[in-house]
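Mapping to the numbering used here: the sequence shown position 3 is 697, numbers consecutive.
Take a look at the structure below.
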Amino acid sequence: MTVTAQSHAAPSTASAPEPADAPAPDAPSAAPTQASPAEAAAGETSAAVTVAEAPQTSATQDDPHPAQPARPQLTFRRLTVSATRRLTPHLLRVTLTGDDLDGFGTAAPDQYVKVFFPHGDRTRPDLPPPIEGDTASWYRTYLAMPDDVRPPMRTYTVRAFRPEQCELDLDFVLHPDGGPASTWASSARPGDEVALMGPHGIYAVPEDATWQLLVGDESAIPAIAAILEQLPRDACARVFIEVGDPADRFDLPSPAADVDVRWIVRSPGSYGDAVLDAVRAADLPPAAPYAWLAGEAELVKFARRHLVRDRGVDKRAVTFTGYWRKGRSEEEIGRESLAESASTSASASASASAS
Ligand SMILES: Cc1cc2nc3c(=O)[nH]c(=O)nc-3n(C[C@H](O)[C@H](O)[C@H](O)COP(=O)(O)OP(=O)(O)OC[C@H]3O[C@@H](n4cnc5c(N)ncnc54)[C@H](O)[C@@H]3O)c2cc1C
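So this is what it looks like as structure tokens:
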């Protein structure tokens, strides 16, 4: 395991991906969406965000900000690639543009969208019917589309949105296991088309948090970079990022006064172990952190367990999201999550009618 640290007491100016326009700092934040019902009941497991859980359009008790208008969140936006740029050997920036970005809102620094890719040799994605009613039933409709038509749908962080230039950046991990999103990104060219749905965000710092802990792998770099860019000057953050290749490390600027970024290089294929060891061994600030954890599902699960059980961190101050699961495509995870929700609802109805 290799650990390198990047600390700065002032805004960093070292080489980094192009500075991005940050979403408005006072944008409405969405209620945290983390585990599926069954996972939430278990209390300490992680989940990949699925469309069945993700897009939310109205304010909740946890979300005192005004709700975003429903239409922009649930509208499909057809966009074209305007540029691509290799940030590191395994991270590729795809810049999208198009009139459909008009009205694109902002949700939170870690905001993400569902991206629909063209199927097979098609040049543009064939989109499912628009969302009407609940997102779970829409997701069933999407999954029922013929296999040779259904556009692969994957989740990506909005690394930057520049409304003045009508541009939006997504940063894709080019991972070795392929998958439609990674494969599409690796050969994306200006003029190629995708569609987006969203955005939605999860990052929400409790008022009493005195510092922030951000933990993730390559897939979380776009969100961590956006979070760091938007920290207030007086914020304190400790960041642990696991990568497979030392060449994937780069400077992550932040206006915050006290940020320490540690890059940890894993042994080939052993996702999560190295960063978990680093977090477990770390001398972290005392008192009340807000922890934001994202990346491979097991990494996230065990990081949360360590914080809650070993360090006594309040569960409610931990946002944890499985961004992907080793050996499983996002669609497989979505199907499993839907089946699990259906079986939980069926058990709940059976118990209700029995009592
Ligand atoms: C809220 C959210 C935000 C996300 N933001 C980003 C982002 O900004 N950038 C980004 O790159 N990813 C991000 N992800 C993760 C991304 O959605 C998944 O990695 C997705 O599975 C990639 O789709 P795919 O078609 O390439 O692979 P899939 O078809 O889903 O999977 C194919 C195979 O690849 C493996 N795999 C998937 N992702 C990885 C990975 N990162 N490393 C190694 N193996 C992998 C799977 O385990 C599977 O075996 C985000 C996920 C969520 C839930």
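Backbone N, C-alpha and C fix where the C-beta goes; we use that ideal spot for every residue, glycine too.
Legend entry - Residue nearest to Thr849 in terms of C-alpha spacing, selected from Pro900, Ala1046, Gln906 and Ser1023: Ser1023
Legend entry - With 16 other Cβ atoms within 10 Å as the buried cut-off, status of Asp886: buried
Inset, instruction - May I ask you to verify whether the stretch 976-996 touches the stretch 904-913, counting CB pairs closer than 8 Å and requiring at least 3? - result: yes
Legend entry - Under 8 Å between C-beta atoms of Ile935 and Asp804: No, the Cβ-Cβ distance between Ile935 and Asp804 is not below 8 Å.
Inset, instruction - Please find out if some non-hydrogen atom of ligand 1 comes closer than 7 Å to the beta-carbon of Thr849. - result: Yes.
Legend entry - Residue interval of the beta strand (DSSP E) (run including Asp945): First-last for Asp945: undefined, no H or E at that position.
Legend entry - CA nearest to the CA of Asp971, picked from Ile958, Ala898, Pro962 and Ala981: Taking Asp971 as reference, the option from Ile958, Ala898, Pro962 and Ala981 with the minimal CA-CA separation is Ile958.
Inset, instruction - Identify whether Val1007 lies in helix, strand or coil by the three-state DSSP scheme. - result: coil
Legend entry - Unbroken alpha helix (DSSP H) run spanning Arg999, endpoints: Ala991 to Arg999
Legend entry - Environment of Arg932 [buried if 16+ CB atoms lie within 10 Å]: So Arg932 counts as buried.
Legend entry - Coil, strand or helix - Ala914 by DSSP: Residue state, collapsed to three classes: helix.
Inset, instruction - Please find out if some non-hydrogen atom of ligand 1 comes closer than 7 Å to the beta-carbon of His869. - result: yes
Legend entry - Close-in-space but distant-in-sequence residues of the same chain around Asp863 (CB under 6 Å, 5 per side omitted): Arg787, Thr789, Arg853 and Ala854
Legend entry - Glu858, DSSP secondary structure in three states: coil
Legend entry - CA-to-CA distance, Asp942 to Pro783, given in whole angstroms: Rounded to whole angstroms, the separation of the alpha carbons of Asp942 and Pro783 is 6 Å.
Inset, instruction - Check whether the Cβ atoms of Ala991 and Val973 lie closer than 8 Å to each other. - result: no
Inset, instruction - Give, in chain order, every unbroken run of the alpha helix (DSSP H) that is at least 4 residues long and sits entirely within the stretch 783-846. - result: 829-838
Legend entry - Cα-Cα separation, Ser639 to Pro857: With the chain covering 695 to 1049 only, the question about residue 639 has no answer from this structure.
Inset, instruction - Could you check the C-alpha separation between Val888 and Pro824 for me, to the nearest Å? - result: 16 Å
Legend entry - Leu978 in three-state terms, based on DSSP: coil
Inset, instruction - Tell me Phe866's beta-bridge partners as DSSP assigns them. - result: Leu786
Legend entry - Beta-carbon contacts of Leu821 that lie in its chain and below 7 Å, excluding the five residues immediately before and after: Phe770, Phe810, Pro845 and Ala889
Legend entry - Assigned secondary structure, Thr769 (DSSP; H/G/I helix, E/B strand, else coil): coil
Inset, instruction - Give every residue of the same chain whose Cβ lies closer than 8 Å to the Cβ of Tyr836, excluding the five residues on either side of it in the sequence, and list them in chain order. - result: For Tyr836, where only same-chain residues beyond five positions count, the Cβ hits under 8 Å are Val745, Pro822, Arg844 and Met847.
Legend entry - Within 8 Å, strictly: CB atoms of Leu978 and Pro949: no
Inset, instruction - Count the other CB atoms, across all protein chains shown, that sit within 10 Å of the CB of Pro819; report buried if there are 16 or more and exposed otherwise. - result: buried
Legend entry - Assigned secondary structure, Gly1028 (DSSP; H/G/I helix, E/B strand, else coil): helix
Inset, instruction - For Pro980, count neighbouring C-beta atoms within 10 Å of its own C-beta (all shown protein chains included) and say buried if the count is 16 or more, exposed if not. - result: exposed
Legend entry - Ser1045, buried or exposed, once every other Cβ within 10 Å from all chains shown has been counted against 16: exposed
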